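Note sheet for the following structure.
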Amino acid sequence: MIPLPGAGKKKKKGIFSKLFGKKKEETTVLTVQQGTHMTYDEKAGITGYPPQWEAFIKGSGLIKEEIEEIKTDKEQNAAFEDVLKFHLKTEPQILNQILPSKTSEQNVEEEDDTAEMPDIQDPEEVLPEKESDLTLEDLAEEGLPEDFYENFSKIGEGAAGEVFVAQNKQTGKDMALKKCIITSKNEKSLINEIEIMKNCKHPNIVSFFGSYLEEGYVWVVMEFMDSGCLTEVLTEYENGFKMTEPQMAYVLREVMKGLLYLHQRHKIHRDIKSDNILISSDGSVKIGDFGYAAQLTSQRDKRNSIVGTPYWMAPEVIRNKLYDAKADIWSIGIMIMEMTEGDPPYMELPPLRALFLITTKGIPPLKERDSWSPDLVKLVESCLMKDPNQRPTSEQILESPFIATACKKEEFARVVAETHK
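Its first residue numbered 1, the sequence shown is counted upward by one per residue in UniProt numbering.
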């Protein structure tokens with residue numbers, strides 16, 4: 001907990017004073033994290049705090065009322081401390097997204113390819129005893145990507161690496177190839193991503209076709225989805241286009257079929273959002289980007305690592321509590337709100353303030369709530385319950401009345417065509 005000083009006379013103060021408000025002229029010790037003792041007095045200000053905090057506070061965007069709640073409410077104070085610890089524990093690529101930037105985007109940190117999709121595995125898969133100890137060498141195919149693919153064309157780049165589309169030399173089929181640099185920090189996550197994709201074969205999950213090692217890089221070969229991601233459809237909301245509820249229900253149904261498959265196999269995606277829902281011109285919808293996916297085991301049937309994208313994160317993830325597949329269900333609720341409103345809640349706010357509000361206030365109700373069907377509203381609200389135990393399972397969402405209203409695949413294909421002119 002952060003014990004905060006009481007009120008005093010007004011005086012011009014610095015950054016921390018602006019956050020915490022008025023202070024007594026006595027010295028107060030703020031015990032924020034183990035090994036850190038911050039002191040405050042009227043003349044010296046706050047000393048002894050980690051230098052990263054100043055940047056966090058500058059970009060927090062917290063308003064006066066919220067600061068007052070942090071000062072006076074025990075739970076709000078604890079939540080604020082957890083959010084700050086969240087920042088201190090995240091990887092550098094996540095930190096870059098939490099702090100204000102000059103860009104408007106705020107993101108955290110993606111066999112024979114002619115083979116038919118195998119049957120779905122038995123849903124009663126046993127929880128593994130322990131995590132895999134495979135290496136990238138164990139998972140890699142023999143040879144190099146250029147031995148099997150040609151006509152490489154770069155189509156994207158991000159924190160995870162570069163993405164290319166290339167043609168299979170034998171079949172001429174387009175494939176997506178992600179080139180990732182291997183470091184001591186990301187090697188384990190790359191192994192995890194490749195192993196999960198290799199073991200997951202489902203019509204609503206982007207297919208994996210192999211990996212190759214090349215001079216400090218790993219290439220991951222995947223199914224190429226020719227119409228990008230769901231975000232590209234939602235971007236057209238700015239131009240007057242909007243999905244109907246049956247179209248939203250169709251997308252949700254396809255995503256949930258893939259997510260149910262993962263959850264039945266004790267896997268958590270941990271980064272469900274429109275950017276990671278890939279679409280094709282024929283109306284197919286598939287879950288992609290398993291860079292943050294996790295395999296639960298009997299030894300670790302819940303996780304507490306901090307991964308994902310801030311605006312889609314469940315409160316228990318932000319606060320570093322133990323979590324399970326219900327964290328994905330929260331993100332599904334945010335994704336539904338994306339489809340109704342174009343953006344996730346709090347997107348217009350600085351990430352630190354957004355995270356604080358998610359953990360303390362929850363998610364605001366749908367805009368124009370009365371214009372949506374009761375089935376949609378009920379589903380969104382159930383997915384966004386702060387108590388994970390009160391959220392529905394993947395199977396329950398698939399059985400919900402809203403899903404029953406889903407349009408045909410052909411209708412969504414027309415949506416894709418209309419938004420990709």
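For each residue, glycine too, the CB sits at the ideal point set by N, CA and C.
These numbers come from a predicted model, not from an experiment.
- [ ] Give the secondary structure of Glu137 by DSSP, where H, G and I count as helix, E and B as strand, and everything else as coil.
- [x] helix
Open item on the list: With H, G and I counted as helix, E and B as strand and the rest as coil, what does DSSP make of Asn107?
Closed with: A caution first: Asn107 carries a pLDDT of 41, below 50, which makes its placement in the model too unreliable to give a value.
- [ ] Assign Gly283 to one of two classes, buried (16 or more other C-beta atoms within 10 Å of its C-beta) or exposed (fewer than that).
- [x] buried
Task: Below-8 angstroms beta-carbon distance, Asn199 vs any chain C residue - done: No chain C is present in this structure, which holds just one protein chain.
TODO: Could you check what DSSP says for Ala176 in three-state terms: helix, strand or coil?
DONE: strand
- [ ] Report the option in Phe224, Trp219, Glu238 and Glu75 whose CA atom is closest to the CA atom of Asp343.
- [x] Glu238
Open item on the list: Within a Cβ cutoff of 8 angstroms, which residues of the same chain sit near Asp82, ignoring the five residues on either side of it in sequence?
Closed with: Ile318, Arg319, Asn320 and Thr359
Task: Close Cβ partners of Gly161 (< 6 angstroms) along its chain, the five nearest in sequence each way excluded - done: Lys178, Lys179 and Cys180
Task: Spatial distance of Ile155 from Glu232 (CA atoms) - done: 15 angstroms
TODO: Would you identify the three-state DSSP class for Val251, choosing helix, strand or coil?
DONE: helix
Open item on the list: Which same chain residues end up closer than 8 angstroms to Asn151 when comparing Cβ atoms and leaving out the 5 residues on each side of it in sequence?
Closed with: Ala166 and Gln167
Task: Three-state secondary structure assigned by DSSP to Trp372 - done: coil
Open item on the list: Judging by CA-CA distance, which residue of Ser60, Ile287, Ile194 and Lys201 is the nearest neighbour of Leu213?
Closed with: Ile194
Task: Distance CB(Met243)-CB(Met339) smaller than 8 angstroms - done: yes
Open item on the list: Less than 8 angstroms between C-beta atoms, sequence neighbours within five positions excluded: which residues of the same chain meet that for Asp122?
Closed with: With a pLDDT of 40 at Asp122, under the threshold of 50, the predicted position of this residue should be treated as unreliable, and no value is reported.
Task: Inter-stretch contact at 8 angstroms, needing at least 3 Cβ pairs: the region 252-268 / the region 184-204 - done: yes
Task: Residue burial classification, Leu134 (beta-carbon count within 10 angstroms, cutoff 16) - done: exposed
- [ ] For Leu322, count neighbouring C-beta atoms within 10 Å of its own C-beta (all shown protein chains included) and say buried if the count is 16 or more, exposed if not.
- [x] exposed
Task: Among Lys326, Phe209 and Phe86, nearest to Ala140 - alpha-carbon criterion - done: Phe209
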